[in-house]
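Read the structure below first, then the notes.
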Amino acid sequence: MKTVTIALAVGLLLAGCSGSSDDAPAPKQTTSAAEDQSRQAKEQAEQKAAADDELAEAVGDEAEKQRGQRVTITIKDGEVTPRGERVEVKKGQRITLLVTSDADEEIHVHSDPEHTYQVKAGGSIEKSFTIDTPGQVAVEAHHLDATIVQLVVR
Amino acid sequence: MTLAAAPTLAAHGVGGSTDLPIPFLYAMVGASWALTISFAVLALAWRTPRLQGSWTSEPGRRRPWLAVLGMALTAWILVALYAGPDDASNGGLQAVYIFVWVGLVPLALVAGHVWRDLSPWRTLTGRGRWTYPERLGYWPAVAGLFAFVWLELASPDPGSVDAMRTWVAVYVVAMLAGGAAFGPRWFDRADPFDVYSAIVARLSPVARDGRLSRNPLRGLTTIPVGPGLVALLAVLLGSTAYDSFSASPFWQGRALSTLQHSATLLGFCLVVGVLFAVAASATGGVTREERRRLPGLLAHSLVPIVVGYVFAHYLTYLVEKGQGAFHALLDPLGRGWTPLGDPSISYVLSDHPSMLAALKVTFVVAGHVLAVVAAHDRALVLLPRAHRLSGQLAMLVLMVAYTFTGLYLLFSV
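One line per chain: the protein sequences are D and E, in this order.
Take the first sequence: its letters are residues 1288 to 1441, numbered as in our numbering.
Take the second sequence: its letters are residues 1371 to 1783, numbered as in our numbering.
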């Protein structure tokens, strides 16, 4: 029993180590009022800068979402490119598939709800959708029985 | 709009999205825990066996209300499967892939081997005419399980309702015929789902009579050893690993035939099983006959690894796709019935990827720790005193390798 306790203790110790690294540093103690004031001013400035950054980032996100992720797909001589590749997208981001094919093909997007797009031989299609649940969604060429891309939605 | 599920990546037979890879940090934390605890057990743990169960009592009577429930549920699923729609929206198809195949594991873990009470095939067959040939052991169940994972993972179209109808028809005929011939023993050894449930249930704190809480590790040691037991666990673990692997860009980037998929699936199961048999018998100081029996006698220790990995792999599938299957079953004939209102799915796990990743790592590591402890304790019983440490080493290393592979697959695919 003693040995089990030791093993557990070792385990807990390890847990403690990994946990503590995440802790935020404790705020520094200040003494004089003047110092206090200047610190407050500095903090406010920092907060404003951080808010500006966030705003910029949000605008950037929005722009990226609007621009969306485009995937160009070519089906030729019974081969599809790309094949089995990972494509990173954000949830809610607009995803556009540009498909050119030399044969009748059916493109499946295995999201919820599913999307099915038909492309005629010699034709091309452009289809957009969004995915709101994190996960991996396969886009497949049904007749070729091939995974074109795997959308990695984060 | 057609909803016919496409082949190959209609992963697990029921299509839809799959989990995100777990973050690298989570995999590393899990791996370091597994490694540390493994060697802590080997170096510091007890020196006399203390987790051996003795559980020879005959199983109790099957509970009639569960038998009735089992008949009703089976009838419901069969009606949905054979009379429902011919596409992936078929409730029976989803129910078999999700509730029977995956739901069986948490059910057995939480409630014990209630499958035995529920089994309609046990209800419909009598005491049997002949004695089950014990030299067959679990092999008929191994064949059944492999046939199922083949249908799910390597067949040309896992989402095909007709393929499932054929599989289930063959299964039902085999169960009824075998049950009529050999009686209940047939289900204890040959029904893939019944056997799977019975084995997982030994890890349940609930004993067979449904009362009593007991130490799951003690329960685990009472799994009846028979020919094919290692193969059975190898099929379960190997196929789950293959399922992860087959979704990798490496594998998806290749155009492969059904035969190549099938051979790879079989290869995964073989590698898992053969490595286990080799590691289990890698000790000195035993006779040839004793060595031959070691893999079977250590097989129970593989069960927590299987259960942990199956949980990690199939959790979202069960919880989220399960909701879809439930709604599909409420509309068994595909008439658009929604008796419980809006059949939309709540993505409770997928919407919280960090929590999901943490859960998955926890399942894998917990299974690993239980497995290492179980193997250590059984080794103390089986191995001669002089080889107790060295004789366990190969098994420990193999278990670490299984767990690392599992975490790697969760991280990379």
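Cβ atoms here follow ideal geometry from the backbone N, Cα and C, with glycine treated the same way.
Helix or strand or just coil, what does DSSP make of Gln1428(D)? Counted from its first residue, the first sequence places residue 1428(D) at position 141. Correcting the residue type first, residue 1428(D) is Ala in the shown sequence and not Gln. Strand at Ala1428(D).
Which residues of chain D have a Cβ atom closer than 9 Å to the Cβ of Pro1723(E), listed in chain order? Start at 1 with the first residue of the second sequence, and residue 1723(E) comes out as number 353. Residues of chain D passing the Cβ test: Pro1421, Gly1422 and Arg1441.
How long is the line joining the alpha carbons of Asp1310(D) and Thr1406(E), rounded to whole angstroms? In the first sequence, residue 1310(D) corresponds to position 23, counting from 1. In the second sequence, residue 1406(E) corresponds to position 36, counting from 1. With a pLDDT of 39 at Asp1310(D), under the threshold of 50, the modelled position of that residue is not reliable, and the figure given next carries that caveat. Taking the straight line joining both Cα atoms gives about 24 Å.
Using the three-state DSSP reduction, which class does Ala1408(D) fall into: helix, strand or coil? Taking the first sequence and counting its residues from 1, one reaches residue 1408(D) at position 121. Assigned with DSSP and collapsed to three states, Ala1408(D) falls in coil, not helix or strand.
For Ala1749(E), return the contacting residues in chain D, with the cut-off set at a CB-CB distance below 9 Å. Here residue 1749(E) is taken as the residue at index 379 of the second sequence, counted from 1. Neighbours of Ala1749(E) in chain D, taken as residues at a C-beta separation under 9 Å, are lacking, since the least C-beta distance is about 15 Å.
First and last residue of the uninterrupted beta strand (DSSP E) at Glu1372(D): Residue 1372(D) sits at position 85 when you count from the first residue of the first sequence. Run containing Glu1372(D): Glu1372 to Val1376, per the beta strand (DSSP E) assignment.
Rounded to whole angstroms, what is the Cα-Cα separation between Gly1654(E) and Arg1588(E)? One-based indexing of the second sequence puts residue 1654(E) at position 284. One-based indexing of the second sequence puts residue 1588(E) at position 218. Those two C-alpha atoms are separated by around 26 Å.
Cβ of Gly1316(E) within 8 Å of any chain D Cβ: One cannot answer for residue 1316(E) here, as it falls past the ends of chain E, which runs 1371 to 1783.
Distance between beta carbons of Val1472(E) and Tyr1684(E), contact taken as under 8 Å: Numbered from its first residue, the second sequence carries residue 1684(E) at position 314. Numbered from its first residue, the second sequence carries residue 1472(E) at position 102. Sure, about 5 Å apart at Cβ, within 8 Å.
Which residues in chain D sit within 7 Å of Gly1623(E), going by Cβ to Cβ distance? Here residue 1623(E) refers to the residue found at position 253 when the second sequence is read from its first residue. At a beta-carbon threshold of 7 Å, the residues of chain D lying near Gly1623(E) are Arg1370 and Gly1371, ordered along the chain.
Would the stretch 1458-1465 of chain E and the stretch 1684-1699 of chain E be scored as touching if the rule is three or more Cβ pairs under 8 Å? Short answer: they touch.
Nearest to Asp1564(E) by CA position, among Arg1486(E), Tyr1717(E) and Val1540(E), is which residue? Against the second sequence, residue 1564(E) aligns to sequence position 194. Asp1564(E) has its Cα closest to that of Arg1486(E), out of Arg1486(E), Tyr1717(E) and Val1540(E).
Assigned secondary structure, Ser1567(E) (DSSP; H/G/I helix, E/B strand, else coil): Reading the second sequence from its first residue, position 197 is the one you call residue 1567(E). Here Ser1567(E) sits in helix by DSSP.
Hey, is the stretch 1732-1748 of chain E in contact with the stretch 1769-1781 of chain E, meaning 3+ C-beta pairs nearer than 8 Å? Segments in contact, yes.
Near Gly1507(E), which residues of its chain fall below 8 Å by C-beta distance, leaving aside the five closest residues on each side in sequence? The sequence position of residue 1507(E) within the second sequence is 137, counting from 1. Excluding the 5 residues flanking it on each side, Gly1507(E) has same chain C-beta neighbours closer than 8 Å at Arg1559, Gly1596, Pro1597, Gly1598 and Leu1599, in chain order.
I want to check one thing, is the minimum distance from the CB of Pro1665(E) to the heavy atoms of the ligand GDP below 7 Å? The ligand GDP is absent from the structure shown, which contains no ligand whatsoever.
If we cut at 8 Å on Cβ distances, does Thr1417(D) have a partner in chain E? Locating residue 1417(D) in the first sequence gives position 130, where the first residue counts as 1. Not an interface residue.
Continuous beta strand (DSSP E) stretch holding Ser1388(D): start and end: Within the first sequence, the letter at position 101 stands for residue 1388(D). Looking at the DSSP string, the run of the beta strand (DSSP E) that includes Ser1388(D) is Arg1381 to Ser1388.
What do you get for Asn1585(E), buried or exposed, if any count of 16 or more other CB atoms within 10 angstroms of its CB means buried? For the purposes of this step, residue 1585(E) is taken as the residue at position 215 of the second sequence. Asn1585(E) sits exposed, since fewer than 16 C-beta atoms from the chains shown fall within 10 Å of its C-beta.
Within 8 Å of any Cβ in chain D, is that where the Cβ of Pro1528(E) sits? Residue mapping note: residue 1528(E) aligns to position 158 of the second sequence, counting from 1. Pro1528(E) does not count as touching chain D.
Identify whether Ile1360(D) lies in helix, strand or coil by the three-state DSSP scheme. Here residue 1360(D) corresponds to residue number 73 of the first sequence, with the count starting at 1. Strand at Ile1360(D).
To the nearest whole angstrom, what separates the beta carbons of Thr1591(E) and Gln1422(E), a pair I think is in contact under 8 Å? Indexing the second sequence from 1 puts residue 1591(E) at position 221. Indexing the second sequence from 1 puts residue 1422(E) at position 52. So it is a contact: roughly 5 Å between Cβ atoms.
Residues of the stretch 1689-1709 of chain E in Cβ contact with chain D at a cutoff of 7 Å, in chain order, please. Answer set for the stretch 1689-1709 of chain E: empty.
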